[in-house]
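There are 2 protein chains.
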Amino acid sequence: MRLGFDVGGTKTDGVVVAPSGTIIARLRRPTGWGAEAVVATITGMAAELAEAVGGGVDAGALASTFRSVGVGMPGQVAPHTAMVTHAVNLGIEAIDLERTVGDALGVPVRAENDVKAAALGAYALHGATDAGATGSMAFLNLGTGIAAGFVQDGQLWRGARGTAGEVGHISVDPNGPLCKCGQRGCIEAFCGGGAIAERWGRDVPLPVLDVFDAADAGDARALALRAGLAHGVAAAIRVIVLATDVETVMLGGGVTALGTRMLSLVRDDLAAGAAASPFLSSLRLAERVELLPTGSPAAALGAALVGATATEQEAVAHG
Amino acid sequence: MRLGFDVGGTKTDGVVVAPSGTIIARLRRPTGWGAEAVVATITGMAAELAEAVGGGVDAGALASTFRSVGVGMPGQVAPHTAMVTHAVNLGIEAIDLERTVGDALGVPVRAENDVKAAALGAYALHGATDAGATGSMAFLNLGTGIAAGFVQDGQLWRGARGTAGEVGHISVDPNGPLCKCGQRGCIEAFCGGGAIAERWGRDVPLPVLDVFDAADAGDARALALRAGLAHGVAAAIRVIVLATDVETVMLGGGVTALGTRMLSLVRDDLAAGAAASPFLSSLRLAERVELLPTGSPAAALGAALVGATATEQEAVAHG
Numbered sequence: 000m001r002l003g004f005d006v007g008g009t010k011t012d013g014v015v016v017a018p019s020g021t022i023i024a025r026l027r028r029p030t031g032w033g034a035e036a037v038v039a040t041i042t043g044m045a046a047e048l049a050e051a052v053g054g055g056v057d058a059g060a061l062a063s064t065f066r067s068v069g070v071g072m073p074g075q076v077a078p079h080t081a082m083v084t085h086a087v088n089l090g091i092e093a094i095d096l097e098r099t100v101g102d103a104l105g106v107p108v109r110a111e112n113d114v115k116a117a118a119l120g121a122y123a124l125h126g127a128t129d130a131g132a133t134g135s136m137a138f139l140n141l142g143t144g145i146a147a148g149f150v151q152d153g154q155l156w157r158g159a160r161g162t163a164g165e166v167g168h169i170s171v172d173p174n175g176p177l178c179k180c181g182q183r184g185c186i187e188a189f190c191g192g193g194a195i196a197e198r199w200g201r202d203v204p205l206p207v208l209d210v211f212d213a214a215d216a217g218d219a220r221a222l223a224l225r226a227g228l229a230h231g232v233a234a235a236i237r238v239i240v241l242a243t244d245v246e247t248v249m250l251g252g253g254v255t256a257l258g259t260r261m262l263s264l265v266r267d268d269l270a271a272g273a274a275a276s277p278f279l280s281s282l283r284l285a286e287r288v289e290l291l292p293t294g295s296p297a298a299a300l301g302a303a304l305v306g307a308t309a310t311e312q313e314a315v316a317h318g
Numbered sequence: 000m001r002l003g004f005d006v007g008g009t010k011t012d013g014v015v016v017a018p019s020g021t022i023i024a025r026l027r028r029p030t031g032w033g034a035e036a037v038v039a040t041i042t043g044m045a046a047e048l049a050e051a052v053g054g055g056v057d058a059g060a061l062a063s064t065f066r067s068v069g070v071g072m073p074g075q076v077a078p079h080t081a082m083v084t085h086a087v088n089l090g091i092e093a094i095d096l097e098r099t100v101g102d103a104l105g106v107p108v109r110a111e112n113d114v115k116a117a118a119l120g121a122y123a124l125h126g127a128t129d130a131g132a133t134g135s136m137a138f139l140n141l142g143t144g145i146a147a148g149f150v151q152d153g154q155l156w157r158g159a160r161g162t163a164g165e166v167g168h169i170s171v172d173p174n175g176p177l178c179k180c181g182q183r184g185c186i187e188a189f190c191g192g193g194a195i196a197e198r199w200g201r202d203v204p205l206p207v208l209d210v211f212d213a214a215d216a217g218d219a220r221a222l223a224l225r226a227g228l229a230h231g232v233a234a235a236i237r238v239i240v241l242a243t244d245v246e247t248v249m250l251g252g253g254v255t256a257l258g259t260r261m262l263s264l265v266r267d268d269l270a271a272g273a274a275a276s277p278f279l280s281s282l283r284l285a286e287r288v289e290l291l292p293t294g295s296p297a298a299a300l301g302a303a304l305v306g307a308t309a310t311e312q313e314a315v316a317h318g
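Sequence lines, in order, name chains Y and E. The first sequence begins at 0 in numbering that gives the first Met the number 0 and counts up by one. The second sequence begins at 0 in numbering that gives the first Met the number 0 and counts up by one.
Right, dumping it as structure tokens:
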């Protein structure tokens, strides 16, 4: 069995994955703040998950129960390692999860950027339910920021320098809103949860939901922000498919909690583009977009798949 | 030895490639119009190239001299076949190059879209001169239209439906010029040779060169068109690197005959973007752009590499 964790800013999602690829146990717990607390969150959940699947909870027993641990985290991850840097949402500047989580559990650890882990997990879940149809997928994360992960034939496309999928900072309007990256009209400036919250300006727990509710009530500023969000997401989908021609664009991230309230507006924007352009129409973009179900374990599952590469690397090194 | 042809609207470029990958003979001839004339162009050049490398010119001798033929052509090509459709610049609606060129020469044939063939050839040439530095490359074709081909670890990324690299029809300005695809502000509407020629409106043999010369002389409309061209090319480079993170963007196609007169303006646009955005600056885009030398045999060489897959396929089929 293998462990996978998706460490988010507020919650951590942990799963136990059987050799068949099936998730056989799952837990969610609040994430601690800072490196030590994040490590304690993961090791504590590992013990709880071991109990849940009938294993022992001391280090020796964990090592015989679990072959690997994979951790998805917001931040930069050196490929094929457990080194994470700039996980600012978690209060972590740099952490070696092999020397912390790995040493505590006695199990090899690999890390991955959370969006890339979610892409890998979403691909696995999609393939499991719709076998054969999925040769390539982009996972478009709609959260505070906007970024995508690409999976082709089950493998992540990382790019040459690890920045593949930074579609949030492609400008689609030279007169659009100023983005915190310094450009104008970035996709993220239109549809990033952070950018919308800042422009909306109300101190509420769920600003994008608040914008949608206010738009429904006819508020002009909310209507403009909501239209911008739909346009930004549609632009990201057009950019992704026109550049990479992935078969499926899977939408995930916090903003997708709005479900069809958001997706229907995105589809409307794609349909308007297709109506104006026979070329766009031929790409059937609206049919290629799917919504990751709320509460999907995609990111934790993807992390477990990344973790599995740890034992593959060891087999090569020692084999 | 293997043959590779790049069949363009006016000229066809043909090469003989040794098993080492070296080009040992090269010819350029005018391209005939329509399916029969295109086939005659290729078979006639095959005989000339056979003579150039000391082989016989009848069908039996050609089959013992050349193991495969690869043909790059503007149009749509079904992957791993010799079926080409919509090669409108050549007056061809559909052609099976295996049943025409292949039967005439007695050699297996494979076809590829010309931009994808050029991408493969540019990657091979780049790797040969700068080994190790090239893990991934986009070839950005600046011709009548704008499209890119992607190569990763020596393999073409075709996408799920064969439309990967259609970056020309990504809109980067909702108030930009109308594109013939129906959208506004497409990259191709800014920097496609066809779009520029149409807006410039002068009946000259080389409209983009004419625009550059007129801009140098201070013509306001030419200055605007030239700035738009540089901006469109820079936008394509940003889209390509932000989405796919290829290490190198190689510029090719007819418009690159302008050489550094064009490239310096594109670099200026990239530098202006980088000055406004620390994030863009960190991607070092200007350093990742290169110009394919004028007269490079990249497309014909790439076609020969595609042709080589014909004998690999046969080896698998016949065991």
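Just so it is clear, CB atoms sit at the ideal spot from N, CA and C, and this is done for glycine as well.
Interface positions of the stretch 151–171 of chain E facing chain Y (Cβ-Cβ less than 9 Å), listed along the chain: Gln-151, Trp-156, Arg-157, Gly-158, Ala-159, Arg-160, Gly-161, Thr-162, Ala-163, Gly-164, Glu-165, Val-166, Gly-167, His-168, Ile-169, Ser-170 and Val-171
Presumed contact (8 Å Cβ cut-off) between Ala-110/Y and Leu-89/Y, rounded CB distance: Contact flag wrong, Cβ pair sits at about 12 Å.
For Glu-12/E, the residue or residues it bridges with in DSSP: The residue you asked about is not Glu; residue 12/E is Asp in the sequence shown. Answer is Asp-5/E and Arg-27/E.
Short Cβ contact (7 Å threshold) for Glu-187/Y with Leu-241/E: Result no, Cβ atoms of Glu-187/Y and Leu-241/E do not sit closer than 7 Å.
Spatially closest choice to Val-37/Y from Ala-46/Y, Ala-51/Y, Thr-11/Y and Val-56/Y, by CA coordinates: Thr-11/Y
Cys-180/Y, DSSP secondary structure in three states: coil
Same chain, Cβ closer than 8 Å to Gly-274/Y, five either side skipped, listed in chain order: The residue asked about is misnamed: residue 274/Y is Ala in this sequence, not Gly. Taken in chain order, the residues that qualify are Ser-280.
7 Å Cβ shell around Val-305/E - same chain, five flanking residues per side excluded: Gly-69, Arg-109, Glu-111, Ala-116 and Leu-119
Within 7 Å, strictly: CB atoms of Gly-148/E and Gly-192/E: no
Delimiting residues of the alpha helix (DSSP H) encompassing Val-38/E: 34–51
Same chain, Cβ closer than 7 Å to Val-238/Y, neighbours up to 5 away in sequence not counted: These residues qualify, in order along the chain: Val-166 and Ile-169.
Collapsed DSSP secondary structure at Ser-263/E in the structure displayed: helix
Coil, strand or helix - Thr-162/E by DSSP: Coil at Thr-162/E, not helix or strand.
Neighbour-count burial assignment, Pro-73/E, 16 or more Cβ in a 10 Å radius: Sixteen is the threshold: when 16 or more other Cβ atoms of the shown chains lie within 10 Å of the Cβ of Pro-73/E, as they do, the residue is buried.
Residue-chain proximity (Leu-241/Y, chain E), Cβ-Cβ < 7 Å: yes
Separation of Ala-86/Y from Asp-57/Y, as counted between CA atoms: 29 Å
Nearest-angstrom beta carbon gap, Met-136/E and Met-261/E [assumed within contact, 8 Å]: That belief does not hold up - the Cβ atoms of Met-261/E and Met-136/E are roughly 19 Å apart, past 8 Å.
Interface flag, Asp-244/Y vs chain E, CB-CB below 7 Å: yes
Distance, Val-203/E Cα to Ala-298/Y Cα: 57 Å
Contact list for Arg-266/E against chain Y, beta-carbon separation under 8 Å: Near Arg-266/E there are no residues of chain Y at all, since even the closest Cβ is about 18 Å away, more than 8 Å.
Nearest neighbour of Gly-231/E, chosen from Gln-75/E, Pro-176/E and Thr-247/E [CA to CA]: Pro-176/E
Per-residue contacts from Ala-275/Y into chain E (C-beta, under 7 Å): Gly-181 and Gln-182
Which listed residue (Ala-223/Y, Gly-200/Y, Leu-282/Y and Leu-208/Y) has its alpha carbon closest to that of Ile-236/Y: Out of Ala-223/Y, Gly-200/Y, Leu-282/Y and Leu-208/Y, Leu-282/Y has the C-alpha closest to the C-alpha of Ile-236/Y.
7 Å Cβ cutoff met for Ala-39/Y and Leu-2/Y: no
Start-end ranges of the beta strand (DSSP E) lying completely within the stretch 71–151 of chain Y, minimum 3 residues: 82–86, 91–95, 108–112, 135–141 and 145–151
Proximity below 7 Å, CB of Ala-303/E to CB of Val-52/E: Cβ atoms of Ala-303/E and Val-52/E: not closer than 7 Å.
Simplified DSSP state of Val-210/E, which is helix, strand or coil: helix
Endpoints, beta strand (DSSP E) assigned at Glu-289/E: First-last of the beta strand (DSSP E) with Glu-289/E: 288–290.
Test item: CB-CB of Gly-227/Y and Phe-278/Y under 7 Å: Not a contact, by the Cβ cut-off of 7 Å.
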